[in-house]
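Taken in order, these protein sequences are the chains called L and P. Numbered by this note's numbering, the letters in the first sequence go through residues 1 to 347 in order. Numbered by this note's numbering, the letters in the second sequence go through residues 348 to 694 in order.
There are 2 protein chains.
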Amino acid sequence: MSTNRTNKKPATLADVARKSGVAAMTVSRAINNSGYVSPEVRKRVMAAARALQYRPNMLARQLKGHSLKAIGILLPDIANPFSTELVSGIREVLVPHGYTTFIATTDRSSEEERAALQSFVDHRIDGVIVATRGTRFGTESLQSLAKQNIPTVVVGRDSGVARIDSVMADHYQGAFDAVTHLISIGHRRIGFIGIAHEDRTSLRRYAGYAAALKQAGIAEKKEYIAGPPDAPAFATQEDGFQAMMQLLDLPKPPTAIFARNDFAAIGALRAAHTRGCRVPQEIAIAGFDNIPLAAFTTPPLTTVEQPIHEQGAQAARLLLDRLAGTAGRARTVVMHCRLVPRESTLK
Amino acid sequence: MSTNRTNKKPATLADVARKSGVAAMTVSRAINNSGYVSPEVRKRVMAAARALQYRPNMLARQLKGHSLKAIGILLPDIANPFSTELVSGIREVLVPHGYTTFIATTDRSSEEERAALQSFVDHRIDGVIVATRGTRFGTESLQSLAKQNIPTVVVGRDSGVARIDSVMADHYQGAFDAVTHLISIGHRRIGFIGIAHEDRTSLRRYAGYAAALKQAGIAEKKEYIAGPPDAPAFATQEDGFQAMMQLLDLPKPPTAIFARNDFAAIGALRAAHTRGCRVPQEIAIAGFDNIPLAAFTTPPLTTVEQPIHEQGAQAARLLLDRLAGTAGRARTVVMHCRLVPRESTLK
DNA sequence: TGGAAATATGTTAGCGTTCTCACGCTAGGC
DNA sequence: GCCTAGCGTGAGAACGCTAACATATTTCCA
Chain L
1 MSTNRTNKKP ATLADVARKS GVAAMTVSRA INNSGYVSPE VRKRVMAAAR ALQYRPNMLA
61 RQLKGHSLKA IGILLPDIAN PFSTELVSGI REVLVPHGYT TFIATTDRSS EEERAALQSF
121 VDHRIDGVIV ATRGTRFGTE SLQSLAKQNI PTVVVGRDSG VARIDSVMAD HYQGAFDAVT
181 HLISIGHRRI GFIGIAHEDR TSLRRYAGYA AALKQAGIAE KKEYIAGPPD APAFATQEDG
241 FQAMMQLLDL PKPPTAIFAR NDFAAIGALR AAHTRGCRVP QEIAIAGFDN IPLAAFTTPP
301 LTTVEQPIHE QGAQAARLLL DRLAGTAGRA RTVVMHCRLV PRESTLK
Chain P
348 MSTNRTNKKP ATLADVARKS GVAAMTVSRA INNSGYVSPE VRKRVMAAAR ALQYRPNMLA
408 RQLKGHSLKA IGILLPDIAN PFSTELVSGI REVLVPHGYT TFIATTDRSS EEERAALQSF
468 VDHRIDGVIV ATRGTRFGTE SLQSLAKQNI PTVVVGRDSG VARIDSVMAD HYQGAFDAVT
528 HLISIGHRRI GFIGIAHEDR TSLRRYAGYA AALKQAGIAE KKEYIAGPPD APAFATQEDG
588 FQAMMQLLDL PKPPTAIFAR NDFAAIGALR AAHTRGCRVP QEIAIAGFDN IPLAAFTTPP
648 LTTVEQPIHE QGAQAARLLL DRLAGTAGRA RTVVMHCRLV PRESTLK
């Protein structure tokens, strides 16, 4: 025995048609404001629809070749502030166009990523915005999307796939600016925190760091690069803490640190405090991302801000182009990053 | 002129049937392992399906009265660590049961909440888990879900609606424990940060604070309650910062602070440092939520941990019950919170 | 005044699936 | 040899909706 009390199925077009004494087609026209319907009939139909709490079955509609007006957003996780801002930027553009957004997360696993994308496709969303970190498997998934002709935009990295647009911030430039800033206030021994030395080449933020050193004529020192092994897609507070401890143990530790992201920077800050090492007097620390909490650390953290909201909006606009069918070959939009100096790197 | 190159529509059952020389029905049976199909035919069908990259159209299936095996998760936003852990707990339970999860966010707006829920319903998801903060409009939306007989579970607060289950942590108890801890290490002048005095009654965390004071025979002081006006949903670092500044301006400021959440606590911490007020020596600060960064502030933050992951899992289990049709009247599950003492309240 | 154009409704078919029913076939039991 | 029972397969309808066509009425200008 079931527990239904009000458990009638939702009303259908036919129900509304019966109740208002017209054909189903007429109801469809009235509901969708398409074709001719007399004001009087329209009123009658609308009343019946309201009375029956009628809601069109989008899925049946889709079967007839209509779009669901829904797009999927694939995120690595939803913990970081990046995700929020990004989604907000995306929705700002998409919602006015009548699109619904659905988010799926991957827990940073390729398998989950594959499954989530498949799920989007199975549910016949109109397009996808992918913001996961790049992995080999991930690229395969993207290729599969491209093959199925599903409009896709990648945020935060190069898609690496023809016909898939990318939006990203210029992490290279942001890192370059941050490290140049450290150099300009007198530092010569500058460490990089957040990635192991052997994985460093895959990271644009590292490349910017290296380029800034080079331009200033400072030699890179292998022992100044510290971070978790096996190239994680991300660095945590814990990673930053460990890495900083390692650097502080050096006979001649760096006088300034550029951390891969603010989480790592905050871990580094904690390590410095733990060792009784004053920031910024004895060691300067800069991060990347300008998470909301960065302004509230002790001392407030110098960092690099990337235009996250705007990246989301831009991604959405590119997607709209693809959905409209205009838009030919893949485009890549690169956005500028801005240095946000705070007290953690005071002179 | 369109840009199609590989733009064939996805293969259908009929395509697979044609290719393997059987009827559509047989293909359906083979794909779904239902009914009788000879091993030989099954093999042939599967091969054809693979070759054509066939994927069943879930929407068409749904038309025939089948479930989409998808559930919607409604979140206030996705910035806070709460959301991630919650989703992770939910998925841990739901995914093994074959369900896909979709997330929608409301940007803390009732209007968006209504739209998002409607969107879930329109897309015929099987059930909903709602984790937004309670609002009057929100409750209306919930009632509407109940009326449509859509299995729903609310996380983080009481649903206030018959036939809708709730899962929450005992914030009252958590706050009580935290404040009792502050009292036990000698504090008598204890401030509350994160909500304006006139809004305080709606907040269980405040109630726990008040109860702890009362039990210790300490009179509540109105001027020790500080927080943003008419913003009951959440408190940010900025709110905490402002509130703390206000408390420090009192002729006789509190010696300990209990903040509504860790973000507010971190803002308070910053304010204390800004004023040159040492933590915990001159003022102790405790937060709530145990966000990952709480262990990495200076000094590390005493806080209260709520079992977020487990709340998600529990919510998912309740939802599964409702989906199965077992489950009668609304149930409410309350989970215990745990005090996490750190250096910000050292004796 | 004729008839084309505009208005207002209904009928039919079909989207991709699966359900129901029906049809054969092979065994096995009387 | 005929009937049931279990297999294995197919034909047709139906799910809720809308495009395309068909029909009926009114309007309006040459």
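Every residue, glycine too, gets a C-beta built ideally from N, C-alpha and C. It should be emphasised that the depicted structure is a prediction, and the values quoted were computed from it without experimental measurement.
**Q.** Span separating the alpha-carbon of Ala451 of chain P from that of Ile103 of chain L
**A.** 6 Å
Q) How long is the line joining the alpha carbons of Ala235 of chain L and Ala17 of chain L, rounded to whole angstroms? A) 59 Å
**Q.** Neighbour list for Met245 of chain L in chain P, Cβ cutoff strictly below 7 Å
**A.** Result: empty, since nearest Cβ-Cβ is about 13 Å, beyond 7 Å.
**Q.** Short Cβ contact (8 Å threshold) for Leu269 of chain L with Val279 of chain L
**A.** yes
Q | Residue from P:Ala671, P:Leu665, P:Gly675 with nearest C-alpha to Val440 of chain P | A | P:Leu665
Q.
Judging by CA-CA distance, which residue of L:Gly21, L:Val45, L:Lys19, L:Ser20 is the nearest neighbour of Ala30 of chain L?
A. L:Val45
Q: Return yes when the Cβ of Ala264 of chain L is within less than 8 Å of the Cβ of Ser344 of chain L, no when it is not.
A: no
Q.
Using a 10 Å radius around the Cβ and a threshold of 16 neighbouring Cβ atoms, would you call His683 of chain P buried or exposed?
A. exposed
Q | Closer than 8 Å to chain P by CB, Ala104 of chain L | A | yes
Q | Residues near Asp512 of chain P in its chain [Cβ-Cβ closer than 6 Å; skip 5 each side] | A | Val500, Leu665, Ala677, Arg678
Q: Answer with buried or exposed for Gly267 of chain L, where buried requires no fewer than 16 other C-beta atoms within 10 angstroms of its C-beta.
A: buried
Q. Would a C-beta distance cut-off of 8 Å place Tyr571 of chain P and Pro601 of chain P closer than the cut-off?
A. yes
Q) What residues of chain L sit near Val434 of chain P, judged by a beta carbon separation below 8 Å? A) Ile78, Thr105
Q. Comparing alpha-carbon positions, which option in L:Val130, L:Ile71, L:Arg91 lies nearest Ile424 of chain P?
A. The question names Ile, but residue 424 of chain P in the sequence shown is Asp. For Asp424 of chain P, the nearest C-alpha among the options comes from L:Arg91.
Q | Cβ pair Ala131 of chain L, Leu86 of chain L closer than 8 Å | A | yes
Q. Is the CB of Ser430 of chain P under 8 Å away from at least one CB in chain L?
A. yes
Q: Have a look at P:Met592, P:Val514, P:Phe523 and flag the residue whose alpha-carbon is nearest the alpha-carbon of Phe605 of chain P.
A: P:Phe523
Q: Could you tell me whether any Cβ in chain P is nearer than 8 Å to the Cβ of Thr139 of chain L?
A: no
Q.
Assuming Phe82 of chain L and Gln584 of chain P are in contact, meaning their beta carbons sit under 8 Å apart, how far apart are those beta carbons, in whole angstroms?
A. Not really, about 17 Å apart at Cβ, beyond 8 Å.
Q) Which same chain residues, not among the five before or five after Ala199 of chain L, have their C-beta less than 6 Å away from its C-beta? A) The sequence given here has Asp at residue 199 of chain L, not Ala. Around Asp199 of chain L: Ala231.
**Q.** Segment contact, 8 Å Cβ cut-off, at least three pairs: the stretch 505-521 of chain P with the stretch 531-545 of chain P
**A.** no
Q) Going along the stretch 36-60 of chain L in order, which residues come within less than 9 Å of chain P, judged by CB to CB distance? A) Gln53, Arg55, Pro56, Asn57, Met58, Leu59, Ala60
Q) Out of curiosity, what's the CA-to-CA distance linking Asp289 of chain L and Phe588 of chain P? A) 21 Å
(Q) Can you confirm whether Phe241 of chain L, when its beta carbon is compared against all beta carbons of chain P, has any partner nearer than 8 Å? (A) yes
Q.
Counting C-beta neighbours from all protein chains within 10 Å, is the total for Asp249 of chain L 16 or more, i.e. buried, or is it exposed?
A. exposed
Q | 8 Å Cβ cutoff met for Asp609 of chain P and Leu560 of chain P | A | no
Q: May I ask which residues mark the beginning and end of the alpha helix (DSSP H) holding Gly72 of chain L?
A: Not the alpha helix (DSSP H): Gly72 of chain L falls in the beta strand (DSSP E), residues 70-75.
**Q.** Listed by chain order, chain L residues near Pro357 of chain P by CB distance under 8 Å
**A.** Gln148
Q: Enumerate in chain order the residues of its own chain whose CB-to-CB distance from Gln400 of chain P is below 7 Å, with the five nearest sequence positions on each side excluded.
A: Ala358
**Q.** Same chain, Cβ closer than 6 Å to Tyr556 of chain P, neighbours up to 5 away in sequence not counted
**A.** Ala522, Val526, Phe539, Phe605
Q: Pull up the distance between the alpha-carbon of Val304 of chain L and that of Arg338 of chain L, whole angstroms please.
A: 6 Å
Q: Compare the C-beta of Arg421 of chain L with all C-beta atoms of chain P and state if any pair is closer than 8 Å.
A: This structure cannot speak to residue 421 of chain L, because chain L is shown only from 1 to 347.
(Q) Give me, in chain order, the residues of the same chain whose beta-carbon lies closer than 6 Å to that of Ala618 of chain P; leave out the 5 immediate sequence neighbours on both sides. (A) Phe588, Met591, Met592
(Q) For the ligand COA, I want to know if Leu492 of chain P counts as a neighbour, meaning its beta carbon is within less than 7 Å of at least one of the ligand's heavy atoms. (A) Inclusion of the ligand COA in the displayed structure is not the case, the ligand content being empty and no account of it being possible.
Q: Verify the CB distance criterion: does Ile378 of chain P have a CB-CB separation below 8 Å to chain L?
A: no
Q.
Between which residues of its own chain and Asp454 of chain P is the CB-CB distance below 7 Å, once the five residues before and five after are set aside?
A. Asp424
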